[in-house]
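Data block below; observations after.
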Amino acid sequence: MNKNAPDTLNVIVAVALSILVFIAWQYFVVGPQAEAQRQHMLAERAAEEARQAQNPGTPNSAGPTAPNAAGESPATPQTPEAILAGDRARVKLDSATVDGSIRLTGARFDDLRLKTYHQEVDPKSPEIVFLLPEGTETATYGEMGWTTGGKSTVPVPTSTTLWRAAAGQILTPTTPVTLTWDNGQGLLFARTISLDKDYMFTVRDSVENRSGAAVTLFPYASVARHGEPKTKTTWILHEGPIDVLDGSFHYPSYDDVRKDHEQKADSTGGWLGLTDKYWMVAVIPPQNEKFTGRHSVTPGGTEVFRADYLMAARTVSPAGTATVVHRFFAGPKINSLLNAYEDNLGIARFDMAIDWGWFMPITKPMFWLLDFFNKLVGNFGIAILMLTVVIKGIMFPLANRSFESMTKMKKVQPQIKELQERWKEDKVKLQQEQMALFRREKINPMMGCLPIAVQIPVFFSLYKVLFVTIEMRHAPFFGWIQDLASADPTSVFNLFGLLPFILPTWLHLGVWPLLMGATMWFQMRLNPPATDPVQQQMMTFMPFLFTYMMASFPAGLVIYWTWNNLLSITQQYVIMRRMNVPVQINLKVPAWVTALWRGPRRKPASPGE
1 MNKNAPDTLN VIVAVALSIL VFIAWQYFVV GPQAEAQRQH MLAERAAEEA RQAQNPGTPN
61 SAGPTAPNAA GESPATPQTP EAILAGDRAR VKLDSATVDG SIRLTGARFD DLRLKTYHQE
121 VDPKSPEIVF LLPEGTETAT YGEMGWTTGG KSTVPVPTST TLWRAAAGQI LTPTTPVTLT
181 WDNGQGLLFA RTISLDKDYM FTVRDSVENR SGAAVTLFPY ASVARHGEPK TKTTWILHEG
241 PIDVLDGSFH YPSYDDVRKD HEQKADSTGG WLGLTDKYWM VAVIPPQNEK FTGRHSVTPG
301 GTEVFRADYL MAARTVSPAG TATVVHRFFA GPKINSLLNA YEDNLGIARF DMAIDWGWFM
361 PITKPMFWLL DFFNKLVGNF GIAILMLTVV IKGIMFPLAN RSFESMTKMK KVQPQIKELQ
421 ERWKEDKVKL QQEQMALFRR EKINPMMGCL PIAVQIPVFF SLYKVLFVTI EMRHAPFFGW
481 IQDLASADPT SVFNLFGLLP FILPTWLHLG VWPLLMGATM WFQMRLNPPA TDPVQQQMMT
541 FMPFLFTYMM ASFPAGLVIY WTWNNLLSIT QQYVIMRRMN VPVQINLKVP AWVTALWRGP
601 RRKPASPGE
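Position 277 of the sequence shown, counting from 1, maps to 277 under my numbering, and the rest follow consecutively.
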């Protein structure tokens, strides 16, 4: 009778249950989330195509639409095209990177598209629409101004104030625009807006006092978003409120702000904003002045999340002028660009807008190397292969010791089998004899696990880099891999696209995951078998499980793992040949596969039946 039969059955049951749980999770959770996100993107594309089809042309003198008195979006969200078509009091903005307009009512930044970023890999797909006017779903905008702090009744600009602009003005990197407003009581407000060649607006606000009395005003700036974005969330990435106050980085969630209603802190230098996976909108005060930063939410039919700051009072004497310079960022979180703003404008820790995660000492250097290699070869996929070689070089001594230990283990396999036969009835004695054998042969059984343990933070860091950095978004490799940050789009279940039907997400099993699984299986064939039969069967099953699991991971990560396996196989092969250990690959079908294929066996009939 086979004493391992119950254990074998347990392994088969455990494997079957694991597969069922994983498939159920993909089908009932991951699949619906991905489909919802896809439908949302399709809706955005349709809206953008409708906007381009309408082509309303140059804004005319038609009056602006007044915002909701309560400051909330209408009950039924409208399309940006419909709102912009009815609100012609705008100043157009245009550069090599962005286009859109500034609303003269409230002097609000609420219409911005990113020219060089598209919703899909196809460069003909619609541009990313980033800032949206009030009245649309997830409206996002920024504004600056002055407040009396409730200590005066002097009229100041509000969200309903209609600013004046010279006819024909267009905001470009070479032509700033100036807006003015007279409060009718001796205060003349002026706002000069300039735009750099990228995504930073500089807003120079001034107020001239022509009245006969001093006036005290407080400058402020804010960004707002109506409702929480309906995007797929993940625990490895922060999306929502973000700030750097007094040099410390904070990232409260939308739920944190809901719970507290308001979070505020005093700071000298820093910034506040709202961040998405790849994009961010932020307001930045003068870095040498004190201010109070705040995250808040206005409840109601549609929640309004805000990140804002309030600066110290300015007292404007008669015939005097007060001036403050705000900065407003709205665009992609490009690492080099954020670093340049941090260095050139002195914005405290602006590079932390990218969520580098717990392993930041690994993720940032890893991205720097990837970016460096990409600039050398012009392909992030090749850069990943080059990075893998660097990582293997750093870990070469440790991996060498590990492979030498595993090779020695494989060399003494006949002796281990002899001990197992001799002491099969005494497990304690078997363990003692095996440990004595390892000491004599100077074998450390744990050395085989050490490189895997060291690889875990490296693997997670690369996953983080691929997932959060916009440089990896829509970065192509070769062939069918046109986006290293997305999963391999092919699938064995439709013969890699030969069969004309679309598969659900959980049935995608592409070429690169299969290559990764094959290299993982081949590498495990080089390793010595586990002494425990159940453990050995689990190890045999691992490549098949990992192949399916990795199918949904970014293609760049699967390419890294496949290439890493090939380098490890080469290194291990050389060591085995050097130590005169025969390289034998067991190609027989695993026992658990045979058991599943044959089904349950009938119990042999006993004599006399």
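The C-beta atom is built at its ideal place from N, Cα and C for all residues, glycine as well.
Bear in mind that the values here come from a model prediction, so they are computed numbers and not experimental data.
Closer than 7 Å by C-beta to residue i: which residues in its own chain qualify, once you throw out the five before and the five after it? Chain order, please.
i      : result
Pro543 : Gly517, Met520, Trp521, Met524
Leu162 : Pro64, Ala89, Leu104, Thr105
Gln185 : Val154, Pro155, Ser211
Gly293 : Asp243, Leu245, Lys264, Ala265, Ser267, Gly270, Leu272, Tyr309
Trp177 : The sequence given here has Val at residue 177, not Trp. Excluding positions up to five away in sequence, the list reads Val91, Ala165, Gln169, Leu171, Ile193.
Ile347 : Trp271, Ile284, Gln287, Tyr341
Would you list the residues sitting across from residue i in a DSSP beta bridge?
i      : result
Ile102 : Val91, Phe109
Tyr278 : Note: Tyr278 sits in no beta bridge, so no partner.
Tyr309 : Ala221, Gly293
Leu466 : Answer is none; Leu466 lacks a bridge partner.
Ala190 : Thr180, Ser206
His508 : None; His508 has no bridge partner.
Trp271 : Val244
Ala238 : The displayed chain sequence assigns His, not Ala, to residue 238. Its beta-bridge partners do not exist; DSSP assigns none.
Met200 : Phe329
His474 : His474 is not bridged to any residue.
Asp266 : Thr292
Ile170 : Lys92
Thr136 : Glu134
Leu114 : Val98, Ile128
Ala165 : Leu179
Leu195 : Phe201
Phe249 : Val244
Val215 : Val316
Ile284 : Arg327
Please go through the same chain and pick out, in chain order, the residues whose beta-carbon is closer than 6 Å to the beta-carbon of residue i, but skip the five residues on each side of it.
i      : result
Asn565 : Thr519, Met520, Gln523
Leu369 : Leu387
Thr547 : Pro513, Gly517
Arg204 : Thr192, Val325
Phe373 : Ala383, Met386
Phe350 : Leu338, Tyr341, Glu342
Ala475 : Phe380, Leu484
Tyr251 : His238, Ile242
Thr323 : Ser206
Would you call residue i buried or exposed, if buried means 16 or more other Cβ atoms sit within 10 Å of its Cβ?
i      : result
Met579 : exposed
Ala107 : buried
Phe493 : exposed
Trp271 : buried
Pro133 : buried
Met409 : buried
Asn209 : buried
Met311 : buried
Thr363 : buried
Ala245 : The displayed chain sequence assigns Leu, not Ala, to residue 245. Classification for Leu245: buried.
Ser461 : buried
Pro157 : buried
Lys429 : exposed
Asp266 : exposed
Gln572 : buried
Tyr278 : buried
Ser336 : exposed
Phe249 : exposed
Phe541 : buried
Pro365 : exposed
What is the residue span of the beta strand (DSSP E) that residue i lies within?
i      : result
Asp371 : Run containing Asp371: none in the beta strand (DSSP E); it sits in the alpha helix (DSSP H), 360-377.
Phe329 : 321-332
Phe130 : 127-131
Glu143 : 140-147
Arg439 : Not the beta strand (DSSP E): Arg439 falls in the alpha helix (DSSP H), residues 427-441.
Arg314 : 314-316
Quick one: what's got a C-beta closer than 8 Å to residue i's C-beta in the same chain, skipping five residues either side?
i      : result
Leu466 : Met472, Leu484, Ala485, Pro554, Gly556, Leu557
Could you give the residue range of the alpha helix (DSSP H) that holds residue i?
i      : result
Phe396 : 396-411
Gly556 : 555-578
Tyr254 : 254-260
Tyr341 : 335-345
Gly517 : 511-526
Ala85  : 80-86
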